[in-house]
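Before any comments, here is the structure.
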Amino acid sequence: MHSTELGQSGWPAGWPLGLPLGWPLGWPLAWQIALLLGGALLLALLLRPARREWLREQDDEASPAPRHEDRIDALRTMATQEFSDMLQRVRDNGGVMRGIDLDGEPVLVLGSKQDLASQIEPGTRRIGFGVLTSQRLDVPGELVCERDLFAEGRASVAQSAVVRSLLSLRDVAIGVRARVTGRVHADGRLDVAEGAWLHGEASAGQALALARRTRFVRLHAPVIEFGTREVPAARPGGTLPEYLPGDAQHDAANRRYIVHGDLSVPAGHRVMADLIVGGRLVVHENCIITGSLRADRSVRLGQGVQVEGGIVSPSDIRIADNCRIDGPVMAGTRLIVGTGCVLGTRGDPVSVSAARMRIATGSVVYGFVSARQAGQVVAPQDLQS
Amino acid sequence: MARTPRSLFTKIAQHLLSLALMLATLSAMPALALPGLDPDFSDAPPSSEQLPPPDVAGALTPDRTRLQLAPDLPAEPVVMPAVVPMSEEPDAATPVLSAESLSLSPLGVALLLILAGVLARRAYQWWMVLNQRRRIDQPDWSALRSADWPVVTLLVVAREVGTAIEPLVEYLLTMDYPPERLRIRPTGQFTTAQRGAVAALLARHPGRVLPTADRPLDGIREADTDIVLILRAEWTPDRNFVRQAVAPFFDPSVGAVLAPLDPVVDGHPYTRLRQLSRAAWARIVAPWLARANLPALGDTLLFGVRRSAVAAAGGWRQTTNERCADLVWRLFAEGWHSACQTALWVSGKQRDPQASQLPGLFVHLPALLASQRIAWRQKGRLLGYALARGSRHLAGLGILLAVFEYASGNSLLAGLALCILLTEALAGQSLTLLAAGAQACQRGTQVSLLPLALLRLAGVGHALH
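If you read the sequences in order, they're chains A and B. So the mapping is simple: the working numbering equals the position in the first sequence, first residue as 1, plus 7. So the mapping is simple: the working numbering equals the position in the second sequence, first residue as 1, plus 13.
Structure (structure tokens):
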């Protein structure tokens, strides 16, 4: 039973909106013109933003290279050049001075025995001026600092405070659940308390220590300690038997094995070559890899594995407890590092990068850590969750 | 005014050819007395508005309302058995779209397959556009800031006589790379004055600047480092150039590093278009190729090689025209990947763009498929890639089949196929690239298109950002 009268072509007669059916050439002239105009309008709408973009003379930035140092460099320049006279005056005479930076923003210059809390009204939750001090800088708890902070002495950010950028020529301490929305750098040591968030890059000239439940994006320091550093477990002694992947293509000239599928290296073996695996790579406990690892799917290292090279995977990399990696660790998606791991050495720092990263307390990285989306320090027992 | 690149004329010629093909096809339709142009899809008699003025000779006949722009052609329609004759009333009990009416000739089946292939490829590209922000599953080589950087040789190739080599080498010596691990070797046919300048550089920077080589191949062959970088003297690299070019070599499977050239902004609209296209390509196509472990050839140049890998692949072949593509495919056959480093920025004018690497691929395809060092899954991807690179030819074949389908009387399928394939041939790639450019945020480039903006407003935007 047909509720609608169908034409010979199977379409309802007069569909849609009473328009005559068939090829547009058979339509009334008005409809054809309307169709043309509508199509042209749609095309113009589609291409209008693209045309505007196309007609721009050039892009805004001169270079695409990430300039992580820019803000800190600018802050250091501001303190050592633009405000050097003011800082010298308050250093000699004490007191407080006010100035304007190159962007026209107000800046408060604090001398000796002057703290930030005494310069703001009680109950103030937000300050919109930058602060330079020749002494120690203490940011009160739950205060939001919308401008950059500079301290020639030690700087501390109290509980739940929010700062944009902070530079100290000595040490910096970030309090519990405090947040740094931009860049933080300490020429000495940078300590981050539990639950703090570092949304930008955090760096230190000597060492950087992060407590449990801190979140980070980029970390850079000669030594980056996650939680309390564990004493590394004893390494297996003696000579390990060499493992030769059976079904692998051996490129002897370049010291590498190419495996098309998955590969599992049994526990307590040594591999004297690079491993390039098309599937998943599992290296069981207490193996030593004298070379680098690359797997297209995922890499899993058992406890106590030593890799005298780097690890690269476009997928996940999971490193169990007490491993030692001498080269860069580059994961495409997720990186999990167990407790007691040491990545890099003091003499040969490494880079560790992934989109998401969970590092257990007790591990150490020498060099640079980059979590494009999110990084977190967790307790070893929380690593599985 | 900047000199227009040669490839601009090539592209214009290609589009003109496509347009000519489209016009020829459309003009051929009436001559074939195609039922697809028949407006008599309804049973109702045509209204007076539908009829043309009677003075148009032989345009439409009132009895059958058939379009006949060529009056000398036979008026009888070409009727396929599967098509219900128009003069007969359809049986009310018989469904119009019966199995019989849907039966297709082998030609139609082939056309359908081509249509499915073209549409699937386009849908996949759009899927990539919408999902590429969420799926960043490649190692971020720009994050490699601390490492045990290897000793590398940087060949500065001067192809033009009179290129100022000295300031460039002085600039390269200030690169963000451990100074003791970077050696620079000017390469090319130098004038006496240039040789004097290089000798002065040698004296000023002993050990860091090496004596000149006549040809790049000599420079690569005589280098005593495993990694050799190549840079033309007329290009300007970013200060991170060496670091970014070396970083992918920490992957033990990488034998060569490719990167697109950043065109110099000179106010020329074509240059600007290339810049936008490059940003979109770098965000969409290159990551996809990298995910598939396929060489990102097409709009890239070779900036670095691992000498041991080149030796394993049989060395450079100087006789081939596209030396870089040839080398990259041979490296691939030997199990070496080629990383596309989109974080590597070198600006300059590309005189001989590697517009198409398809011949190189097809030349090496048998060896690639026979290689023991390439997995079967990878070979499948490679075949798909070859088909994708040949999609324009596929679309052309489809258009030809569609014309034959018109002639055979299957107008619905043929009309649909023609619309899709012509759109694909003329604007498919451009539209996808523009849409991809909507998310290209490199160097401040942010192309935006209205539909994507509407999608964001509609709440779909979280997938885009």
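Where is the CB? At the ideal position from N, CA and C, for every residue including glycine.
#1: Going along the chain, which residues of its own chain have a beta-carbon closer than 7 Å to the beta-carbon of B/A258, five neighbours each way excluded?
#2: Measuring only the C-alpha atoms, how far is B/A415 from B/L426?
#3: In whole angstroms, what is the alpha-carbon distance linking A/G316 and A/I324?
#4: Measure how close the beta-carbons of B/G361 and B/W248 come, nearest whole angstrom, since I'm counting them as under 8 Å.
#5: Taking 9 Å as the CB-CB cut-off, is B/L157 touching chain A?
#6: I need the straight-line Cα distance from A/V357 to B/W162, nearest angstrom please.
#7: At 4 residues or longer, what runs of the alpha helix (DSSP H) sit wholly inside the stretch 216-275 of chain B?
#8: For A/S322 and B/P265, I'd like the C-alpha separation in whole angstroms.
#9: Measure the C-alpha to C-alpha separation of A/R161 and A/T87 and round it to an integer number of angstroms.
#10: Using a Cβ cut-off of 7 Å, pull out every chain B residue sitting near A/P335, in sequence order please.
#11: Excluding the five sequence neighbours on either side, which residues of its own chain have a C-beta within less than 6 Å of the C-beta of A/G202, listed in chain order?
#12: Report the three-state DSSP secondary structure of A/Y264 (helix, strand or coil).
#13: Taking any Cβ of chain B, which residues in the stretch 242-274 of chain A have a Cβ under 8 Å from it, in chain order?
#14: Starting from B/E199, trace the beta strand (DSSP E) both ways and give me its first and last residue.
#15: Take A/Q95 as the anchor and find which of A/M85, A/G118, A/V151 and A/E112 has the nearest alpha-carbon.
#16: Nearest to A/V384 by CA position, among A/T246, A/V114, A/G311 and A/G369, is which residue?
#17: Counting only C-beta atoms, is A/S125 closer than 9 Å to chain C at any point?
#18: Going by other Cβ atoms of all chains shown within 10 Å of its Cβ, with 16 needed for buried, is A/E3 buried or exposed?
#19: Counting only beta-carbon atoms, is A/V319 nearer than 9 Å to chain B?
#20: Is it right to say A/G334 is buried, meaning 16 or more other beta carbons lie within 10 angstroms of its own, or is it exposed?
#21: Quick check: what's the CA-CA separation for B/G457 versus A/P387?
#22: Using the Cβ count rule (16 or more neighbours within 10 Å means buried), how would you classify A/A51?
#23: Whole angstroms are fine: how far does the CA of B/T313 sit from the CA of B/D275?
#24: Using a Cβ distance threshold of 8 Å, determine whether the stretch 207-218 of chain B contacts the stretch 298-311 of chain B, with at least three qualifying pairs required.
#25: Roughly how far, in whole angstroms, is the beta-carbon of B/V359 from the beta-carbon of B/F254, given that I think they are within contact range, below 8 Å?
#26: Does the CB of A/V357 have a neighbour CB from chain B at under 9 Å?
#27: Between A/G268 and A/G286, which are expected to be in contact by the criterion C-beta below 8 Å, what is the C-beta distance as a whole number of angstroms?
#28: Taking 7 Å as the limit between beta carbons, can you name the residues of its chain near B/G121, skipping five residues before and five after?
#29: Pick from A/I107, A/W38, A/R143 and A/D355: whose alpha carbon is nearest that of A/K120?
#30: On the criterion of 16 or more Cβ atoms from any shown chain inside 10 Å, does A/C152 qualify as buried, or is it exposed?
#31: In the DSSP assignment, find the unbroken beta strand (DSSP E) run with A/I318 in it and report its ends.
#32: Which residues of chain A have a Cβ atom closer than 7 Å to the Cβ of B/S421, listed in chain order?
#33: In three-state terms, what does DSSP make of B/I178?
#34: Short of 6 Å in beta carbon distance, which residues of its chain neighbour A/I79, apart from the five on each side in sequence? Order them along the chain.
#35: Note the first and the last residue of the continuous beta strand (DSSP E) segment covering A/L197.
#36: Buried or exposed, going by whether 16 or more other CB atoms sit within 10 Å of the CB of A/R133?
So, from the data block:
#1: The sequence position of residue 258 of chain B within the second sequence is 245, counting from 1. Only L242, V270, F316, G317, Q354 and L357 meet the Cβ criterion.
#2: Numbered from 1 along the second sequence, position 402 holds the residue referred to as residue 415 of chain B. Numbered from 1 along the second sequence, position 413 holds the residue referred to as residue 426 of chain B. C-alpha separation (whole angstroms): 8 Å.
#3: As a first step, residue 316 of chain A must be located in the first sequence, where it is residue number 309. As a first step, residue 324 of chain A must be located in the first sequence, where it is residue number 317. Rounded to the nearest angstrom, the two C-alpha atoms are 15 Å apart.
#4: Reading the second sequence from its first residue, position 348 is the one you call residue 361 of chain B. Reading the second sequence from its first residue, position 235 is the one you call residue 248 of chain B. Yes, B/G361 and B/W248 are in contact; Cβ-Cβ is about 3 Å, under 8 Å.
#5: The residue labelled residue 157 of chain B in the question sits at position 144 within the second sequence. Yes, B/L157 counts as interfacial toward chain A.
#6: Taking the first sequence and counting its residues from 1, one reaches residue 357 of chain A at position 350. Taking the second sequence and counting its residues from 1, one reaches residue 162 of chain B at position 149. So the two alpha carbons sit approximately 10 Å from each other.
#7: 229-235 and 254-259
#8: Looking up residue 322 of chain A in the first sequence gives position 315. Looking up residue 265 of chain B in the second sequence gives position 252. When rounded, the distance between both Cα atoms is 16 Å.
#9: Taking the first sequence and counting its residues from 1, one reaches residue 161 of chain A at position 154. Taking the first sequence and counting its residues from 1, one reaches residue 87 of chain A at position 80. Straight across, the Cα-Cα distance linking A/R161 with A/T87 is about 17 Å.
#10: Indexing the first sequence from 1 puts residue 335 of chain A at position 328. Per Cβ cutoff of 7 Å: L157, A160 and F263.
#11: By 1-based counting over the first sequence, the position of residue 202 of chain A is 195. Counting only Cβ-Cβ distances below 6 Å, and skipping sequence neighbours, we find V183, R184 and R220.
#12: Residue numbering aside, residue 264 of chain A sits at position 257 when the first sequence is read from its first letter. A/Y264: strand per DSSP, three-state reduction.
#13: Q256, D258, A260, N261, R263, I265, H267 and G268
#14: Counted from its first residue, the second sequence places residue 199 of chain B at position 186. For clarity, residue 199 of chain B is Pro in the given sequence; the question names Glu instead. L195 to G201 is the extent of the beta strand (DSSP E) around B/P199.
#15: Along the first sequence, one-based indexing puts residue 95 of chain A at 88. Ranking A/M85, A/G118, A/V151 and A/E112 by Cα distance to A/Q95 puts A/G118 first.
#16: Walking along the first sequence from the start, residue 384 of chain A turns up at place 377. Residue A/G369 is the option with its Cα nearest to A/V384.
#17: Looking at the structure shown, chain C is missing, and the protein chains on hand are A and B.
#18: No answer is possible for residue 3 of chain A: it lies beyond the span of chain A, which begins at 8 and ends at 392.
#19: Counted from its first residue, the first sequence places residue 319 of chain A at position 312. For A/V319, the answer is yes, since a Cβ of chain B falls inside 9 Å of its Cβ.
#20: Working through the first sequence from its first residue, we reach residue 334 of chain A at position 327. The residue in question, A/G334, is buried, as its Cβ has 16 or more Cβ neighbours within 10 Å.
#21: Within the second sequence, numbered from 1, the residue matching residue 457 of chain B stands at position 444. Within the first sequence, numbered from 1, the residue matching residue 387 of chain A stands at position 380. Confidence at B/G457 is low in this model, with a pLDDT of 41, below 50, so its placement is unreliable and the value that follows should be read with caution. One C-alpha to the other measures close to 41 Å.
#22: For the purposes of this step, residue 51 of chain A is taken as residue 44 along the first sequence, with counting starting at 1. By the 10 Å Cβ count, A/A51 comes out exposed.
#23: Position 262 of the second sequence, counted from the first residue, corresponds to residue 275 of chain B. Position 300 of the second sequence, counted from the first residue, corresponds to residue 313 of chain B. Their Cα atoms are separated by approximately 10 Å.
#24: no
#25: For this step, residue 359 of chain B is matched to residue 346 along the second sequence. For this step, residue 254 of chain B is matched to residue 241 along the second sequence. That belief holds up - the Cβ atoms of B/V359 and B/F254 are roughly 6 Å apart, short of 8 Å.
#26: By 1-based counting over the first sequence, the position of residue 357 of chain A is 350. Closer than 9 Å to some Cβ of chain B, the Cβ of A/V357 qualifies, so yes.
#27: Translated into the one-based positions of the first sequence, residue 268 of chain A becomes position 261. Translated into the one-based positions of the first sequence, residue 286 of chain A becomes position 279. Right, their Cβ atoms sit about 5 Å apart.
#28: The count along the second sequence starts at 1 and reaches residue 121 of chain B at position 108. Correct list, in chain order: E418, N423 and L426.
#29: Locating residue 120 of chain A in the first sequence gives position 113, counting from the first residue. The candidate whose alpha carbon is nearest that of A/K120 is A/R143.
#30: Sequence index remark: in the first sequence, residue 152 of chain A carries index 145 (1-based). With 16 or more other Cβ atoms within 10 Å, it is buried.
#31: Numbered from its first residue, the first sequence carries residue 318 of chain A at position 311. It spans I318 to S320 - the beta strand (DSSP E) in which A/I318 sits, taken as one unbroken run.
#32: Residue mapping note: residue 421 of chain B aligns to position 408 of the second sequence, counting from 1. Listed along chain A, no residue sits closer than 7 Å to B/S421 by beta-carbon distance, the nearest being about 18 Å off.
#33: Here the question's residue 178 of chain B lines up with position 165 in the second sequence. It is helical.
#34: Numbered from 1 along the first sequence, position 72 holds the residue referred to as residue 79 of chain A. L174, R190 and H192.
#35: If you number the first sequence from 1, residue 197 of chain A lands on position 190. Residues R196 to V199.
#36: Taking the first residue of the first sequence as position 1, residue 133 of chain A is located at position 126. Exposed: under 16 other Cβ atoms inside 10 Å.
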